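Have a look at the structure below before the remarks.
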Amino acid sequence: MHFFPVVELGGLNFDLSSILAILVSCIVVFALARAAVSNLSVHNPSKIQNFLEWVAEFVHNTIASTMPLSKAKTYVSLGMTLIMFIFVSNLLGLPFGVVTELDDAHKGPVTVLGMQIMSGEEVERLHEEGKHISFAWWKSPTADLSVTAGLAIIVFILVHFLGLTRNTKHYLKHYFEPFPVFFPLNVMKEAAKPLTLALRLYANIFAGEVLISTILMMGWIGLPLMAVWQGFSVFVGAIQAFLFTILTMVYISQATIHEHDEEHH
Amino acid sequence: MEFNWESTVITMIAFLGLYLLLNKYAFGPLFAIMEKRRELVKEEISAAESSRKEAERNMEEQKQALQQVRKEAHDIIEQARATSTKQADDILAAAKTESVRLKDEAVKDIENEKNKAIAALRSQVSGMSVLIASKIIEKQIDEKSQEQLVDRYLNEVGKSS
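Chains as they are written, first to last, in this note's numbering: chain A, 6 to 270; chain R, 5 to 165.
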């Protein structure tokens, strides 16, 4: 059974594999973005600059094609960060995994670089249950519910903050529409949004990784299946990143756009 | 698998950090470039529009100028034609009068020559006829009456000729 290396420091639990994966994703995204803008040109954009511009246009189109780029900048940046971070994260766990096996005869606590990742009692207990212990160091950060929850919470806070500050009256009113009786339903709807965001992303990516490890158990016979599933996982990763971004933008526009504005336009 | 809220917090911090970094070092410049390109395209389009209008105006001017020139050329040709016709008429008229004058002169000359010849012939004929008559009549008739006689004959000859 795979365990994740969790270090306890000052009463806080740090999941090393998640932190590593998040850091790697951030670094990859940042390096990609920097590479894209390292040689900016108005007349003769490089291929990767073209790609990033395409991403920007794409995200811009999904939020507000009526809003000029200068106004929508913040949202486009957010959307681009989201889509790139999630996409890279989704792909991170696909190519390989790093798993360290724990010797069955191992006694006492397990430590990494002087940090304890599993207590001696836990090891003892698992050995008594006859379980093999191994640690997974490499995974998609988005295959962890705590990570996707973090992203969803950011979106949740942002949406409601924007709704409250930019569009106060209409935002507060929409909880009581069409009738005041609907207030609990509307609250549930708002609460369900980040929940579904987090769970959808986590479940898709986690399921993909579970299936990959299952196919790995088949040995050589599973090779064609593996190829197909890897390809499909890339597709799923792209779709999920796109979906997360799109939904975020939809929520933001729902919270910030006046109905009056829409009538005028 | 347990929910690890520390991971959640770390994710949020990392994501916000990534957002700020990207915004400052990657997307900011990218958007500036895209904005610049948009401006450039707009400028190019307006420049193309204005140059098209300019070209159209020039074209119109050229057309008008061409029209003008054509009209002038037509006028010049017309004028030349009129002048030449007039000149030809003049020349013809002058030639006609000249020829009439020449003909008249020639007729007059002929008349004069004829008269002269007749006069000369008359004087000669009168001399010769005197000789002939004196030879024939042998001084029987005096010279005065003979001359009258010859003159009468010659007058009759001049009338009948």
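Here a beta-carbon is modelled for each residue, glycine too, at the ideal position from N, C-alpha and C.
Owing to the predicted nature of the structure, the values given are computational and were not obtained by experimental measurement.
Residue(s) in a DSSP beta bridge with residue i
i                 : result
Met116 of chain A : It should be pointed out that residue 116 of chain A corresponds to Thr in this sequence rather than to Met. A:Gln121, per the DSSP bridge assignment.
Val192 of chain A : Looking at the DSSP assignment, Val192 of chain A forms no beta bridge with any residue, so it has no partner.
Ala141 of chain A : A:Val104
With 16 other Cβ atoms within 10 Å as the buried cut-off, status of residue i
i                 : result
His78 of chain R  : exposed
Lys148 of chain R : exposed
His48 of chain A  : exposed
Ser82 of chain A  : buried
Leu26 of chain R  : buried
Asn44 of chain A  : exposed
Phe188 of chain A : exposed
Gln91 of chain R  : exposed
Pro50 of chain A  : buried
Thr15 of chain R  : buried
Val64 of chain A  : buried
Ile114 of chain R : exposed
Gly242 of chain A : buried
Val45 of chain R  : exposed
Leu14 of chain A  : exposed
Val115 of chain A : buried
Ala38 of chain A  : buried
Proximity winner among the options, relative to residue i (alpha-carbon distances)
i                 : options                                   : result
Met120 of chain A : A:Val186, A:His132 and A:Val12            : A:Val12
Ser46 of chain A  : A:Ala36, A:Glu58, A:Phe187 and A:Leu37    : A:Glu58
Thr261 of chain A : A:Glu182, A:Glu127, A:His175 and A:Phe187 : A:His175
Phe35 of chain A  : R:Leu135, R:Gln83, R:Pro33 and R:Tyr23    : R:Tyr23
Asn191 of chain A : A:Gly125, A:Leu177, A:His7 and A:Leu97    : A:Leu177
Ala203 of chain A : A:Gly155, A:Asn95 and A:Cys31             : A:Gly155
Arg126 of chain R : R:Ala99, R:Ser138, R:Val161 and R:Ala92   : R:Val161
Ala232 of chain A : A:Ala243, A:Phe101, A:Leu206 and A:Pro183 : A:Phe101
Val129 of chain R : R:Lys100, R:Glu115, R:Asn159 and R:Asp113 : R:Asn159
Asp20 of chain A  : R:Val111, R:Leu26 and R:Asn8              : R:Asn8
Val117 of chain A : A:Phe247, A:Pro10, A:Tyr256 and A:Ala243  : A:Pro10
Ile257 of chain A : A:Val115, A:Phe188, A:Glu133 and A:Thr67  : A:Thr67
Leu167 of chain A : A:Lys52, A:Ala26 and A:Tyr80              : A:Tyr80
Asn55 of chain A  : R:Val111, R:Glu58 and R:Arg41             : R:Arg41
Ala61 of chain A  : R:Phe31, R:Met63 and R:Arg56              : R:Phe31
Leu17 of chain A  : A:Phe63, A:His65 and A:Ile122             : A:Ile122
Thr173 of chain A : A:Gln259, A:Arg205 and A:Ser218           : A:Gln259
Val152 of chain A : A:Gly242, A:Arg130, A:His7 and A:Ile27    : A:Ile27
Thr12 of chain R  : A:Tyr207, A:His137, A:Ala77 and A:Ala40   : A:Tyr207
Asp155 of chain R : R:Ile141, R:Gly131 and R:Ser138           : R:Gly131
Coarse secondary structure for residue i, derived from DSSP in three states
i                 : result
Asp149 of chain A : coil
Glu47 of chain R  : helix
Ser43 of chain A  : coil
Asn55 of chain A  : helix
Val103 of chain A : coil
Glu13 of chain A  : strand
His175 of chain A : helix
Asn18 of chain A  : strand
His7 of chain A   : strand
Lys112 of chain R : helix
Phe181 of chain A : helix
His48 of chain A  : coil
Lys136 of chain A : coil
Asn8 of chain R   : coil
Gly98 of chain A  : coil
Ile262 of chain A : coil
Glu85 of chain A  : In the sequence as displayed, the identity of residue 85 of chain A is Met instead of Glu. Three-state result, Met85 of chain A: helix.
Met223 of chain A : coil
Asp93 of chain R  : helix
C-beta neighbour in chain B for residue i, strict 9 Å
i                 : result
Phe249 of chain A : In the structure shown, chain B cannot be found, because the protein chains are A and R.
Distance cut-off 8 Å: residue i Cβ against heavy atoms of the ligand COA
i                 : result
Leu163 of chain A : Judged by which ligands are present, the structure shown has none, so any question about the ligand COA falls away.
Does the stretch 16 to 24 of chain R touch the stretch 81 to 95 of chain A, meaning 3 or more C-beta pairs lie closer than 8 Å? Output reads yes: the stretch 16 to 24 of chain R touches the stretch 81 to 95 of chain A.
Using 8 Å as the threshold, is the stretch 210 to 219 of chain A in touch with the stretch 139 to 159 of chain A, meaning 3 or more CB pairs across them? Under the Cβ criterion (8 Å, minimum of three pairs), the stretch 210 to 219 of chain A counts as touching the stretch 139 to 159 of chain A.
The stretch 159 to 166 of chain A contacting the stretch 252 to 264 of chain A, beta-carbon criterion three pairs below 8 Å: In short, these stretches touch, since the Cβ pair count reaches three.
Taking contact to mean 3 or more Cβ pairs, one atom from each stretch, closer than 8 Å, check whether the stretch 94 to 107 of chain A and the stretch 33 to 45 of chain R are in contact. Put simply, the stretch 94 to 107 of chain A does not touch the stretch 33 to 45 of chain R. Fewer than three CB pairs are less than 8 Å apart.
How about the stretch 180 to 199 of chain A and the stretch 212 to 230 of chain A: do they share at least three Cβ pairs that are nearer than 8 Å? They do not touch, by the three-pair rule.
Does the pairing of the stretch 25 to 43 of chain A with the stretch 91 to 101 of chain A give three or more beta-carbon distances under 8 Å? Yes: the two stretches touch, three or more of their Cβ pairs being nearer than 8 Å.
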